[in-house]
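One structure below.
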């Protein structure tokens, strides 16, 4: 039976991936930071030396976007050096790698929907470190699929959907930025497609390695996304009162890290290559909210 290493296995995507892989009948080596420090090349090498690994799925990431502005070294270690270490081992042993990246690499001042071929430039530390991670993987020469995903939410971990519902439980008004446009992505749908790719790599003559955009539809402005979340939360009894969403600018909100104003992504390449339908994120809100 094939055995798959999942790093970041305790995060919102990693947990979903592990559940799906087990359902498909794979053996899973589920590693959070306590089990494997991917920033340590010695720890990574030791695990690969001692364990049968047929494929690696890297869900590990430093995702505290604002905190990363003050902790650049820590963010770089996880988002850049970690993928570099994994890719080096995968290359030397001819093990395929699936890596999760971000829409933040597209913070280049251009309007979306962005394509994989665009020149990249990002203003925030988080985006820069994720871009370094991508480049280290590509430079390694390993067989890799890199998925750039945006605005991820799901049943596990911290995310925007949960944050809005939790804040709304004790407030009548929420201030949400109105100048960020993007595509929410359900973690469960993303994980299902990650596992579809993993299964294709391990059971078929797979040759579609490369970088792919991946996100849900439809596109939406951040404050409108909050409104949809709160409407759903009220309709299923998670909150009992009306909550007003007050649109504000990113400058007024005052976050330390600069976010992309338009991170919409063109996912045609993914859909055509893998013949998969992209998810309607609205269909996944209820299961996320019921997991609060």
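In full-length UniProt numbering, the protein residues as written are 1 to 292. The beta-carbon is built from N, C-alpha and C at its ideal position, and this holds for glycine as well.
According to the Cβ coordinates, are residue 57 and residue 105 closer than 9 Å?
no
Leaving out five residues before and five after residue 80 in sequence, what residues of the same chain have Cβ atoms less than 7 Å from its Cβ?
129, 132, 133, 136
Determine the DSSP secondary structure at residue 153, reduced to helix, strand or coil.
strand
On the three-state DSSP scale, how would you describe residue 65?
coil
Would you tell me roughly how many angstroms separate the C-alpha atoms of residue 215 and residue 267, rounded to the nearest one?
7 Å
Using the Cα positions of residue 103 and residue 125, report the straight-line distance between them to the nearest angstrom.
13 Å
Counting pairs of beta carbons, one from the stretch 176-190 and one from the stretch 248-265, are three or more of them closer than 8 Å?
These segments touch.
Do you know offhand how far residue 173's Cα is from residue 9's?
35 Å
Could you give the C-beta distance for residue 60 and residue 144, rounded to a whole number, given that I count them as a contact under 8 Å?
Going by Cβ atoms, the distance from residue 60 to residue 144 rounds to 15 Å, so no, they are not a contact pair.
Apart from the five residues just before and just after residue 211, which ones in its own chain have a Cβ nearer than 6 Å to its Cβ?
116, 146
Can you find the residues in the same chain that come closer than 6 Å, C-beta to C-beta, to residue 245, ignoring five residues on each side of it along the sequence?
Excluding residues within five positions, the ones whose Cβ falls inside 6 Å are 174, 176, 223, 226, 227.
Whole runs of the beta strand (DSSP E) within the stretch 77-153, excluding any shorter than 3 residues
97-102, 144-149
Identify the continuous alpha helix (DSSP H) that holds residue 222 and give its terminal residues.
Run containing residue 222: 222-235, per the alpha helix (DSSP H) assignment.
Excluding sequence positions up to five away, which residues of its chain have a Cβ less than 7 Å from the Cβ of residue 14?
6, 8, 59
Would you tell me roughly how many angstroms separate the C-alpha atoms of residue 74 and residue 151, rounded to the nearest one?
22 Å
Mapping the DSSP letters down to three states, classify residue 209 as helix, strand or coil.
coil
Three or more C-beta pairs closer than 8 Å, one from the stretch 157-174 and one from the stretch 230-250: is that the case here?
yes
Pull the bridge partners of residue 31 from the DSSP assignment, please.
The partner list for residue 31 (beta bridge, DSSP) reads 7.
Can you give me the Cβ contacts of residue 66 inside the same chain, cut-off strictly under 7 Å, excluding the 5 residues immediately before and after it?
Apart from the 5 residues on each side of it in sequence, residue 66 sits with its Cβ closer than 7 Å to the Cβ of 255, 256, 257 in its chain, given in chain order.
In angstroms, rounded to a whole number, what distance separates the CA positions of residue 76 and residue 31?
19 Å
State yes or no: is the C-beta of residue 275 within less than 9 Å of the C-beta of residue 213?
no
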